[in-house]
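Peer 1: Quick one: structure below, then a few questions.
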Amino acid sequence: MSADIPLSAQLINLCASVILLLAFAMLAQRRVMQLINLFALQGLVLCLSTLVVAVTTQQHHLYYSAGLTLALKALLLPWILHRLVRKLYVKWDVESLVNVPTTMLVGVVLVMIAFNVAQPISILSQTISRGTLGIALAVVMLAFLMMITRTKAIPQVVGFLAMENGLFLAATSATYGMPMVVELGIALDVLVGVIILGVFFFQIRDQFDSLDIRHMERLKDN
Amino acid sequence: MPILYSIDLLLVAACAWLAVGLAGLVAPRNMHLVAKVLFPVGAAIGLAAGLEALFFLGEAPETAVLVIGLPTLPFHLRLDSLTAVFVVLLGFASFGISIYAAGYFRQGEGASPGLLCLEYHFFLASMLMVLLADDAYAFMVAWEGMALSSFFLVTTDHRHEAIRRAGYLYLLIAHVGAIAILLSFGVMTGGAGDYTFAGMRAQELPPFWASAAFLLALVGFGAKAGLVPVHVWLPEAHPAAPSPVSAMMSGVMLKTAIYGLLRVSFDLVGTPLWWWGVVAMAIGLVTALFGVLYSTVQSDMKRLLAYSSIENIGLLAVGIGLALIFHAYRMETLAALAMTAVLYHCLAHAGFKSLLFLCTGSVLHATKERSLGKLGGLIHHMPWVAWLALLGVVASAGLPPLSGFVSEWLLLQAFLFSPGLPHSWLNMVVPVAAAVVALVAALAGFAMVKFHGIIFLGQMREPNLIHAHDAGPWERAGLVWLAFLTVLLGVLPSTVIGLIDAATQQLLGTGLAGKVAEHGWAMLAPISPDRASYMPLVFLATIAAAVLLGRWLVRRFYHGRLRRSDAWDCGYFFQGPRAQDTAEGFSQPIRRIFEPMFRMERHFPTVRDEQPYYSVKVEDHFWHWLYLPVARLVEWFSGLIVRVQGGRIAVYLLYSFLTLILLLLVARP
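These protein sequences, in sequence, are chains E and V.
Residues 24 to 245 in this note's numbering are what the first sequence lists, from first letter to last.
Residues 4 to 672 in this note's numbering are what the second sequence lists, from first letter to last.
In structure tokens:
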């Protein structure tokens, strides 16, 4: 770290790298409960990073964003998912389509692509947290990768939510967050989405006696 | 300076048709309102529009700009003599058909009456707008409106699987055609971006692009008119539609395609090349011969008429081709002769084919039967329909003194002048074409004898035909009007040519009116009376005299006795209706002689059959040569695309993921 970077920026960068680390951890995690905990932790760090940005820049709406993130992504959604897992009784290991080392390697490549792509944009940006844009993009891609490699429904939903975390980070780092209305809208969307998916889980399990989405291959139109 | 120009009045007519159609929605289930008020009002609007256009003929073109449409793209409209001729056709034919429809539609047949009324009048209004349009945008909007409204009319009785299939086929080919027309317009703008017809006229296209525009227009309008090989929708859609709709489609809608072809090839695209005419003529000849041969072997009365329409469209294309050839060689008088034949045949066909389709509607209502094999002897129970159908049949067969004869005679006259063409190869080929046209005319006569003879003459083939009743007063009025037009076009050719000559003048710069007028209204001599002349009234008088003389002689030498006997019993003692010649039997010689032209599946009874039966199924070669291979190709290609849809969510996610990464990499600043 060079000395001319202020403390706040260093803190933000620290938070962002923890988020990236957590994203990799989620990619490697086989157990559903641990996965959800990791997701909750990611939400917590995201909240912290937003708080740091808010304190540094005195952007008031970022406080609300941080609060919303804490309430929704660190507490409410993990709680809903925990309940779902207990009710559906799907605590066991998660199989993935590709083995973990390969996934990690692909993830590393994705991070490189993300940094490469984000570099020209972060040069244009004037925000204090602009350095984290590449990380945010990498988090989005890693979450996407997790959705692709998992075969069970709940990890896919976690991947979807983690992707939203990455988008949120990107928004904070590039422009100090989206307008409040948009953020509220997205938060509501995510909440409703998880509830609807929860209902779907029960339907899928009733139909196929399993939450393995490979069963849904049968649904295609012949 | 008139307050209202003719074009304004025609616009009012189009709006009035729309209003009548919308009025049908006020009480969609009220049959009485729709049938006895709205359809007659629509008919009156048609007559008014026809008369307005008739009086307009020969006047200077009028233009109008309509502020509807897109913000910087208003509708341009133009009324000139060519448009007026076709508006006369639309107005007068729709008058008869609407009057007939007032008595035809019954409760509980397919769509609700109000909806039918809306679709029908929207169809009429959009056809009028097609004729009036003066830019590609307005034209295409009206053209699509026409296609869609007629699609819904065809599928009125959509509960039948076959009718839905026919409607789908119609819509599919209509859209293939519309794409070709749009491309043709695009080529004619010459890249200038001006989609008004005036802009297209101003373009001087190089021969290659002009030819491309003409060929695209031929394909596009040919798909609507029913030229081979894009004719397959016609024999499916016409029988599926209710009879007034079939009449409207066959009599009027096909003519809008002819109008479009004339508009493009003689007005918009510039000077034609001679080989365009050869292409149009060759396609026309194939279409005419194909249509008439298939029409002779049909067993469904509406399919028979539909194939006969294909034949007539073929003859029109031959006439257009001939006019193009003469026009390209600057032989304008002869081009005018061929053009007059085309326009005359459009009018004639609109009259007699609508009449015949409406007659099949009456027969259908009276007997619930479309198959010729179950009809027969209806002249006793339906004298009005039978005698009026006879007029249509005679005109359709091209016999004097009715309308069909005049146009076919004019066409053959134009052929007889073709040795004057400065092209030795054409000189050899064109007489062959004339021979084919003559063959087509003769076979059309055969098909019409079959149509009339099997339905109305002989004995009843089914016992329940005894309950058949004649057409009601509204239906009779519509039929009489169309029959009146057919007779009028037959006996007053010189007068009619004098009227439609304005359109010929507009397209070719010269006309026949001067020469025709020299000999008065009773004698038609298009080029000079030394070469050929035709006096319809003399024909009429001769025929009447021969009939009366024959009748008198029979009465005189047969002692005035009248003996009724079973028809066609050939002198046998016992002869049931089943022993009559059937529709299939009647056309058997044609099937034999032209065997390679048909794709037949025949089943002959053998000695050992427990239940012997004979069946013959005639199919269209083009299904197997063109349409099924194309369909298989599309299916194979779709099979490749379906592989993308593997059903695995992971793979679907991967698609979006790869797309995302690709876009990020491509869109890098």
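Where is the CB? At the ideal position from N, CA and C, for every residue including glycine.
1. So what does Leu-257(V) bridge to, in DSSP terms?
2. Kindly indicate if chain E contains any beta-carbon less than 8 angstroms away from that of Tyr-8(V).
3. Quick one: using the 10 Å Cβ neighbour count with 16 as the cut-off for buried, is Ala-39(E) buried or exposed?
4. Thinking just about the alpha-carbon of each residue, which of Ala-77(E), Ala-48(E), Thr-174(E) and Phe-47(E) is nearest to the one in Gly-200(E)?
5. Any residues in the stretch 156 to 170 of chain E with a beta carbon nearer than 9 angstroms to a beta carbon of chain V? Which ones, in chain order?
6. At least one CB of chain E closer than 8 angstroms to the CB of Leu-643(V): is that the case?
7. What does the Cβ neighbour count give for Met-463(V), buried or exposed, with the cut at 16 atoms within 10 Å?
8. Closer than 8 angstroms, CB to CB, is Ser-40(E) near chain V or not?
9. Let me check understanding here. Comparing Cα to Cα, which of Ala-159(E), Met-203(E) and Ala-97(E) lies closest to Leu-192(E)?
10. Using a beta-carbon distance below 8 angstroms, is Met-24(E) in contact with chain V?
11. Within 10 angstroms of its Cβ, does Lys-371(V) collect 16 or more other Cβ (buried), or is it exposed?
12. Is the CB-CB distance between Met-170(E) and Phe-183(E) below 8 angstroms?
13. Within its chain, find whatever has a CB closer than 7 angstroms to the CB of Leu-393(V); leave out the 5 residues flanking it on each side and keep chain order.
14. Looking only at C-alpha atoms, which of Leu-57(V), Ala-47(V), Leu-73(V) and Tyr-103(V) sits nearest to Leu-82(V)?
15. Pick helix, strand or coil for Phe-418(V), following the three-state DSSP scheme.
16. Apart from the five residues just before and just after Val-213(E), which ones in its own chain have a Cβ nearer than 6 angstroms to its Cβ?
17. Per the DSSP calculation, Met-603(V) is bridged to which residue(s)?
18. Who are the neighbours of Arg-671(V) on chain E, taking C-beta pairs under 7 angstroms?
19. I want to see whether chain V comes within less than 8 angstroms of Gln-226(E), judged by CB atoms only; does it?
20. How far does the beta strand (DSSP E) with Arg-635(V) in it extend, from its first residue to its last?
21. Less than 8 angstroms between C-beta atoms, sequence neighbours within five positions excluded: which residues of the same chain meet that for Phe-660(V)?
22. Can you pull the chain V neighbours of Leu-120(E), defined as C-beta to C-beta under 8 angstroms?
23. Grouping DSSP H, G and I as helix and E and B as strand, with all else coil, what is Leu-60(V)?
24. How would you list, in chain order, the residues of chain E whose beta-carbon sits under 7 angstroms from the beta-carbon of Ile-664(V)?
25. Might you give, ordered along the chain, the residues of its own chain that have their beta carbon closer than 7 angstroms to the beta carbon of Ile-457(V), omitting 5 neighbours on each side?
26. Quick check: the Cα distance between Leu-41(V) and Cys-18(V), rounded to an integer number of angstroms?
27. Less than 8 angstroms between the CB atoms is what I'm expecting for Val-255(V) and Ala-441(V), so what's the real figure, rounded?
28. Just to confirm, are Ala-417(V) and Ala-351(V) a CB contact at a threshold of 8 angstroms?
29. Less than 8 angstroms between the C-beta atoms of Gly-263(V) and Phe-211(V), yes or no?
30. Listing by chain order, which chain E residues have their CB less than 9 angstroms from the CB of Phe-660(V)?
31. Pull up the distance between the alpha-carbon of Val-2(V) and that of Met-603(V), whole angstroms please.
32. Can you check which of these residues, Leu-271(V), Ala-525(V) and Gly-106(V), is closest to Pro-539(V) by C-alpha distance?
33. Nearest by alpha-carbon distance to Ala-389(V): which of Leu-361(V), Asp-138(V) and Ser-410(V) is it?
34. Which residue wins for smallest C-alpha separation from Leu-174(V), given the options Ala-105(V), Gly-193(V) and Met-149(V)?
35. So, Val-235(V) versus Trp-628(V), is the Cβ gap smaller than 8 angstroms?
36. Taking DSSP as the reference, what is the three-state secondary structure of Pro-247(V)?
Peer 2: So, from the data block:
1. Stepping through the second sequence from its first residue, residue 257(V) is reached at position 254. Beta-bridge pairing links Leu-257(V) to no other residue.
2. Here residue 8(V) refers to the residue found at position 5 of the second sequence. Chain E, which has no Cβ nearer than 8 angstroms to the Cβ of Tyr-8(V), makes this no.
3. Along the first sequence, read from residue 1 onward, the residue named residue 39(E) stands at position 16. Flag for Ala-39(E) reads buried.
4. Residue mapping note: residue 200(E) aligns to position 177 of the first sequence, counting from 1. Selected option, being the one with the closest Cα: Ala-77(E).
5. Leu-160, Val-163, Met-164, Phe-167, Leu-168 and Met-170
6. Translated into the one-based positions of the second sequence, residue 643(V) becomes position 640. No - not a single Cβ of chain E is within 8 angstroms of the one on Leu-643(V).
7. Taking the first residue of the second sequence as 1, we reach residue 463(V) at position 460. By the 10 Å Cβ count, Met-463(V) comes out buried.
8. Within the first sequence, numbered from 1, the residue matching residue 40(E) stands at position 17. So no, Ser-40(E) is outside the interface.
9. Translated into positions along the first sequence, residue 192(E) becomes position 169. The shortest Cα separation from Leu-192(E) among Ala-159(E), Met-203(E) and Ala-97(E) belongs to Ala-159(E).
10. Within the first sequence, numbered from 1, the residue matching residue 24(E) stands at position 1. Reliability of the predicted coordinates at Met-24(E) is poor, the pLDDT of 44 falling under 50, and no value is obtained from them.
11. Start at 1 with the first residue of the second sequence, and residue 371(V) comes out as number 368. Exposed: under 16 other Cβ atoms inside 10 Å.
12. Locating residue 170(E) in the first sequence gives position 147, counting from the first residue. Locating residue 183(E) in the first sequence gives position 160, counting from the first residue. Their beta carbons are under 8 angstroms apart, which means Met-170(E) touches Phe-183(E) by this criterion.
13. Here residue 393(V) refers to the residue found at position 390 of the second sequence. Correct list, in chain order: His-455.
14. Residue mapping note: residue 82(V) aligns to position 79 of the second sequence, counting from 1. Ranking Leu-57(V), Ala-47(V), Leu-73(V) and Tyr-103(V) by Cα distance to Leu-82(V) puts Leu-57(V) first.
15. Here residue 418(V) refers to the residue found at position 415 of the second sequence. In this structure, Phe-418(V) counts as helix in the three-state DSSP scheme.
16. To locate residue 213(E), count along the first sequence from 1; it is residue 190. Hits under 6 angstroms: Glu-187.
17. What you label residue 603(V) is simply residue 600 of the second sequence in a count that begins at 1. DSSP output for Met-603(V) lists Val-621(V) as bridge partner(s).
18. Position 668 of the second sequence holds residue 671(V). Simply Val-140 and Pro-143.
19. As a working mapping, residue 226(E) is identified with position 203 in the first sequence. Gln-226(E) does not count as touching chain V.
20. The residue you call residue 635(V) lines up with position 632 of the second sequence. Here Arg-635(V) belongs to no beta strand (DSSP E); instead the alpha helix (DSSP H) covers 631 to 645.
21. In the second sequence, counting from the first residue as 1, residue 660(V) sits at position 657. For Phe-660(V), where only same-chain residues beyond five positions count, there are no Cβ hits under 8 angstroms.
22. By 1-based counting over the first sequence, the position of residue 120(E) is 97. By Cβ distance, chain V contributes Ala-653.
23. Taking the second sequence and counting its residues from 1, the one referred to as residue 60(V) is at position 57. Leu-60(V): coil per DSSP, three-state reduction.
24. Here residue 664(V) is taken as the residue at index 661 of the second sequence, counted from 1. Result: Ile-136.
25. Taking the first residue of the second sequence as 1, we reach residue 457(V) at position 454. Contacts found: Leu-375, Leu-378, Gly-379, Ala-586 and Phe-589.
26. Here residue 41(V) is taken as the residue at index 38 of the second sequence, counted from 1. Here residue 18(V) is taken as the residue at index 15 of the second sequence, counted from 1. For Leu-41(V) and Cys-18(V), the distance between alpha carbons rounds to 14 angstroms.
27. Counted from its first residue, the second sequence places residue 255(V) at position 252. Counted from its first residue, the second sequence places residue 441(V) at position 438. Contact flag wrong, Cβ pair sits at about 28 angstroms.
28. Residue 417(V) sits at position 414 when you count from the first residue of the second sequence. Residue 351(V) sits at position 348 when you count from the first residue of the second sequence. Taking 8 angstroms as the Cβ cut-off, Ala-417(V) and Ala-351(V) do not qualify as a contacting pair.
29. Here residue 263(V) refers to the residue found at position 260 of the second sequence. Here residue 211(V) refers to the residue found at position 208 of the second sequence. Not in contact: Gly-263(V) and Phe-211(V) (Cβ atoms no closer than 8 angstroms).
30. Position 657 of the second sequence, counted from the start, is the residue given in the question as residue 660(V). Near Phe-660(V) (Cβ distances below 9 angstroms), the residues of chain E are Met-164, Phe-167, Leu-168, Met-170 and Ile-171.
31. Outside the displayed span of chain V (4 to 672) sits residue 2(V), for which this structure offers no information.
32. As a first step, residue 539(V) must be located in the second sequence, where it is residue number 536. Nearest C-alpha to Pro-539(V): Ala-525(V).
33. By 1-based counting over the second sequence, the position of residue 389(V) is 386. Ala-389(V) has its Cα closest to that of Leu-361(V), out of Leu-361(V), Asp-138(V) and Ser-410(V).
34. The sequence position of residue 174(V) within the second sequence is 171, counting from 1. Checking every option, the nearest Cα to that of Leu-174(V) belongs to Met-149(V).
35. By one-based count along the second sequence, residue 235(V) stands at place 232. By one-based count along the second sequence, residue 628(V) stands at place 625. No, Cβ-Cβ distance for Val-235(V) and Trp-628(V) is not below 8 angstroms.
36. Counting from one through the second sequence, the residue named residue 247(V) turns up at place 244. Three-state result, Pro-247(V): helix.
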